[in-house]
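Written out below as structure tokens is the structure these notes cover.
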Amino acid sequence: MRITFTGIIVLLFLTGINAQHNHLKELGLKGKIKKLTCIYYAEGVIKNNTWVAKDSAKFAYKTITYYNRSQFIDSVQTYVSHSSKEKLLSVKRYTYDKNNMATGTEYNYLDDLNYSLTIQWLDKNTYIEQAKDASGKNSMNSKIYLDNQFHIIKREDQLYRDGELFDHSITETKFNPDNTEHALSITENKINNMEFSMDEYVDQRDSNGNPIKKSYKDGINSYRSIKYFIIEYSE
């Protein structure tokens with residue numbers, strides 16, 4: 152399994168441009184959230200007409216995200232499953248200066264590398280996130296496009312390893328105008344000349360309207376992966 156540090160995306164909040172935006176709105180979440188745990192399983196099975204993880208001990212990755220009072224990401228811990236045990240992959244931390252500019256650091260335990268994180272808004276619907284190590288030879292460059300509801304409708308990711316382009320993919324997401332929770336995502340991998348699609352469905356929500364579980368159906372391979380949200384609210 153190839154692991155990159157694409158992780159959870161951090162957004163930059165610019166005064167006068169995105170005054171109504173925060174990270175939780177991009178995820179479609181509501182309420183004051185302190186901690187969000189996301190557990191992703193690569194393979195699911197259907198039991199009693201419900202899609203569940205085939206093996207709950209073998210998740211593909213897990214992220215634990217902490218949010219500040221403004222509902223922006225404060226820090227992120229990413230884990231992978233290794234011999235049915237959790238293994239810490241990376242830790243990210245972010246700061247926001249007086250101009251609401253976001254910078255951060257990441258330590259990747261898999262590569263034993265430190266990355267610096269920077270985010271730059273191009274306009275109210277477009278921003279760039281960059282992560283790179285001290286040599287500049289290992290980096291991830293992402294360009295993200297939002298609609299007026301803060302949905303990510305397109306993103307372009309370029310991953311460099313040892314100065315060489317390792318991965319380059321473009322994902323476009325379309326939301327059903329009658330049901331904003333149903334999205335079709337199409338990803339084109341320009342390195343491998345592959346394209347795949349993914350239908351997304353929200354199966355369950357909590358009392359505050361937040362998604363608890365999402366299931367995904369791969370349009371080509373006809374199987375579903377499972378993503379669970381465990382949400383902890385601020386008092």
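Numbering-wise (my numbering), the sequence shown opens with residue 152 and increments by one. Ideal Cβ positions, reconstructed from N, Cα and C, are used throughout, including at glycine. Quick caveat, the model's predicted, so the values are computed rather than measured.
What separation, rounded to the nearest whole angstrom, lies between the Cα atoms of residue i and residue j?
i	j	result
residue 326	residue 356	18 Å
residue 321	residue 281	16 Å
residue 197	residue 364	14 Å
residue 183	residue 385	6 Å
residue 222	residue 173	6 Å
residue 253	residue 245	7 Å
residue 371	residue 315	Any reading at residue 371 needs caution, since the residue's pLDDT is 49, under 50, leaving its predicted position unreliable; the model's value is listed next. Going by the C-alpha atoms only, they are around 29 Å apart.
residue 215	residue 378	13 Å
residue 225	residue 212	19 Å
Three-state secondary structure (DSSP) at residue i?
i	result
residue 261	coil
residue 288	coil
residue 325	strand
residue 293	strand
residue 156	Unreliable positioning characterises residue 156 in this predicted model, as indicated by a pLDDT of 38, which lies under 50. The coordinate reading is nonetheless provided below. Coil.
residue 162	Residue confidence is low: residue 162 scores 36 on pLDDT, short of 50, so the model does not pin down where it sits. Its coordinate-derived value is still stated next. It is coil, neither helix nor strand.
residue 274	strand
Just confirm the distance between the C-beta atoms of residue i and residue j, as a whole number of angstroms; I'd bet it's less than 8 Å.
i	j	result
residue 312	residue 289	6 Å
residue 176	residue 359	About 14 Å; that fails the 8 Å criterion.
Please name the residue or residues paired with residue i in a DSSP beta bridge.
i	result
residue 182	In the DSSP output, where bridge partners are listed per residue, residue 182 has none listed.
residue 307	294, 321
residue 268	255, 282
residue 241	229, 259
Can you confirm whether residue i, when its beta carbon is compared against all beta carbons of chain D, has any partner nearer than 8 Å?
i	result
residue 365	Protein chains in the displayed structure number just one, and chain D is not present.
Report the start-end ranges of each beta strand (DSSP E) in the stretch 173-239 that is 3 residues or longer and not cut off at the edges. Assignment of beta strand (DSSP E) within the stretch 173-239, counting only whole runs of 3 or more residues, yields 184-192, 195-198, 201-204, 212-218, 224-233 in chain order.
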